[in-house]
Amino acid sequence: MMKRINLTTTALNYRLKNLWIPCPFNSIFILFLSFSLFLFDPIIEVLHSSSPATGEETLTINSDMQFNYAMELFASGDFTSSVVELSRFIHFFPDNIRVKEARLQKGFALYKLKRFPEALNEFKALATEFYSPRTISLDEKLSSTASDEGMTSGTPDNIIIPGNSGDPIQIEALFMTSATFLAIKRDVSAEVMLHNLLLLYSAEEKADIIKIKDHALYSLAWIYFGRAEQQHASMDEKKGFLLKGLRYLDKISISNRARYQVSEIVKDIQETIEKMKINGKKPILSGILSIIPGGGFSYCNRYHDALAAMMVNAALIFASVRAFEDENAALGGILGVIEFGFYGGNIYGGISSAHKHNQQLVELSMNELHKKFRHRSFINLHLK
Numbered sequence: 002m003m004k005r006i007n008l009t010t011t012a013l014n015y016r017l018k019n020l021w022i023p024c025p026f027n028s029i030f031i032l033f034l035s036f037s038l039f040l041f042d043p044i045i046e047v048l049h050s051s052s053p054a055t056g057e058e059t060l061t062i063n064s065d066m067q068f069n070y071a072m073e074l075f076a077s078g079d080f081t082s083s084v085v086e087l088s089r090f091i092h093f094f095p096d097n098i099r100v101k102e103a104r105l106q107k108g109f110a111l112y113k114l115k116r117f118p119e120a121l122n123e124f125k126a127l128a129t130e131f132y133s134p135r136t137i138s139l140d141e142k143l144s145s146t147a148s149d150e151g152m153t154s155g156t157p158d159n160i161i162i163p164g165n166s167g168d169p170i171q172i173e174a175l176f177m178t179s180a181t182f183l184a185i186k187r188d189v190s191a192e193v194m195l196h197n198l199l200l201l202y203s204a205e206e207k208a209d210i211i212k213i214k215d216h217a218l219y220s221l222a223w224i225y226f227g228r229a230e231q232q233h234a235s236m237d238e239k240k241g242f243l244l245k246g247l248r249y250l251d252k253i254s255i256s257n258r259a260r261y262q263v264s265e266i267v268k269d270i271q272e273t274i275e276k277m278k279i280n281g282k283k284p285i286l287s288g289i290l291s292i293i294p295g296g297g298f299s300y301c302n303r304y305h306d307a308l309a310a311m312m313v314n315a316a317l318i319f320a321s322v323r324a325f326e327d328e329n330a331a332l333g334g335i336l337g338v339i340e341f342g343f344y345g346g347n348i349y350g351g352i353s354s355a356h357k358h359n360q361q362l363v364e365l366s367m368n369e370l371h372k373k374f375r376h377r378s379f380i381n382l383h384l385k
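In terms of the numbering used here, the sequence shown opens at residue 2 and continues consecutively.
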């Protein structure tokens, strides 16, 4: 770093007092140097002020340029850099009118990066920081909602409900809070959020509010369609989830049904339910049929497994009986124990085959539905 030095006549005399110069010229020489410094001092001052010191370059940040740059990074898919630049915008321009939009976009970028806990914090903070919120817990929601709303068991977070409704950025943040809950497998909290939105606007009938309510209903329908794909759900439970989703779609206003392609989705879901009725397999019946080795596999259209199970069990039974006939009780007992294990596995395999068959049937139908409509939930309608 450069520092500027000013030399006065006195200081110069002090520095030059030991300099050897012939005596007659000493005073003239000192006066000449002093006059030169006095003459050039303003020029040196101007040059010093106009030239930044080494390592002290000045960088001017413009809010428009910073915000647009961050948005361009997001649009190009560089979400990591976009998060950095949006954070910089929020830090340097806290009073800018676009801070809320920047925070929402930062949440989107974090969501895209699958940094879900950070995204959730951003969306929740955005939904609560600018408003006077109140919270509705699941217990409160259950006590104020009819049982046909389809709430599931669980212990979700208390969900933020705004004191000032209708702000588009806040509504977006609330929807994305629900979406982020869903992404981290906390679907109960995601569901409660959407129910709270419906509860908040239950008495509103404005066109923009109806659009929000319809969007929440559509999102709830897809949450239930997703639950139908859960492996641990029984066939009846899968049908129940699909029917529950259809009920939510049926509540969407007539004006927005075309937007959400309600009639097409309803038709495909009804066809899926019909396929489940016709082609679905009953695990209990499959287990009963497995009393005959391979019967359960054959019922589930797994004929190769059925043939293998029949041959292995028949061979072990025959070998065990033959050993006893040859008075080789030890070998017969060992083979009998082995056969008992294979026989039990045959029954278990028959039951699990029915579950797998039903699971594949539902997944195949739902995958076709996802491809057809190019999205599986409300997330794609919001994520930019």
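Yeah, the Cβ is synthetic: ideal placement off N, Cα and C, and Gly gets one too.
Where does residue i fall in DSSP's three states?
i	result
Arg-260	coil
Pro-284	helix
Glu-275	helix
Ala-203	A small correction: the amino acid at residue 203 is Ser; Ala does not occupy that position in the sequence shown. Here Ser-203 sits in coil by DSSP.
Gly-295	coil
Asn-359	helix
His-196	helix
Gln-231	coil
Ser-254	coil
Ile-269	Before going on, a small fix: residue 269 reads as Asp here, not Ile. Helix at Asp-269.
Asp-96	coil
Lys-142	With a pLDDT of 45 at Lys-142, under the threshold of 50, the predicted position of this residue should be treated as unreliable, though the coordinate-derived value follows. Note: Lys-142 maps to helix in three-state DSSP.
Phe-329	The residue asked about is misnamed: residue 329 is Asn in this sequence, not Phe. If DSSP states are grouped into helix, strand and coil, Asn-329 belongs with coil.
Met-367	helix
Can you determine whether any heavy atom of the ligand NAD sits closer than 7 Å to the C-beta of residue i, and answer yes or no?
i	result
His-358	Looking at this structure, you won't find the ligand NAD or any other ligand, since it has none at all.
Tell me the residue span of the alpha helix (DSSP H) that contains residue i.
i	result
Ile-388	This structure leaves residue 388 out entirely; the chain is present only between 2 and 385.
Asn-314	304-326
Leu-244	236-251
Gly-108	100-113
Arg-89	80-93
Asn-69	64-76
Ile-170	169-184
Which same chain residues, not among the five before or five after residue i, have their C-beta less than 7 Å away from its C-beta?
i	result
Thr-104	The amino acid at residue 104 is misidentified as Thr; the sequence shows Arg. Closer than 7 Å at Cβ, skipping near neighbours: Ile-91, Glu-123, Leu-127.
Met-194	Ile-160, Leu-175, Thr-178, Ser-179, Phe-182
Leu-111	Val-84, Glu-119, Ala-120, Glu-123
Leu-74	Ser-82, Ser-83, Glu-86
Ile-185	Phe-117
Gly-1	Outside the shown range of the chain (2 to 385) lies residue 1, about which nothing can therefore be said.
Pro-169	none
Glu-364	Glu-230
Leu-336	Leu-317, Ala-320, Ser-321, Ala-324
Lys-252	Leu-218
Ile-1	Because the chain spans 2 through 385 in this model, residue 1 falls outside it and cannot be assessed.
Lys-107	Val-84, Leu-87, Ser-88, Glu-123
Identify, in the order they occur along the chain, each residue of the same chain with its Cβ nearer than 8 Å to the Cβ of residue i, setting aside the five sequence neighbours on each side.
i	result
Ile-292	Ile-348
Lys-357	Cys-301
Lys-283	Met-236, Ala-355
Val-322	Gly-333
Using a Cβ-Cβ cut-off of 6 Å (strictly less than) and excluding sequence neighbours within five positions of residue i, which residues of its own chain qualify?
i	result
Leu-114	Phe-80
Asn-257	Asp-215
Ile-211	Ser-254
Thr-156	Caution is warranted here: a pLDDT of 41 is assigned to Thr-156, below 50, making its placement in the model unreliable, and the coordinate value is therefore given only provisionally. Hits under 6 Å: none found.
Gln-232	Gln-360
Thr-273	Ser-366
Gln-67	Phe-90
Let me know if residue i comes out buried or exposed under the rule of 16 or more other beta-carbons within 10 Å of its beta-carbon.
i	result
Gly-296	buried
Ser-235	exposed
Ala-76	exposed
Asp-188	buried
Phe-319	exposed
Phe-341	exposed
Val-263	buried
Ser-220	buried
Met-277	buried
Ala-310	buried
Phe-109	buried
Phe-93	exposed
Pro-294	buried
His-305	exposed
Met-72	buried
Using 8 Å as the limit for Cβ to Cβ distance, is residue i near chain D?
i	result
Leu-105	Given the protein chain composition of this structure (a single chain), no chain D is represented.
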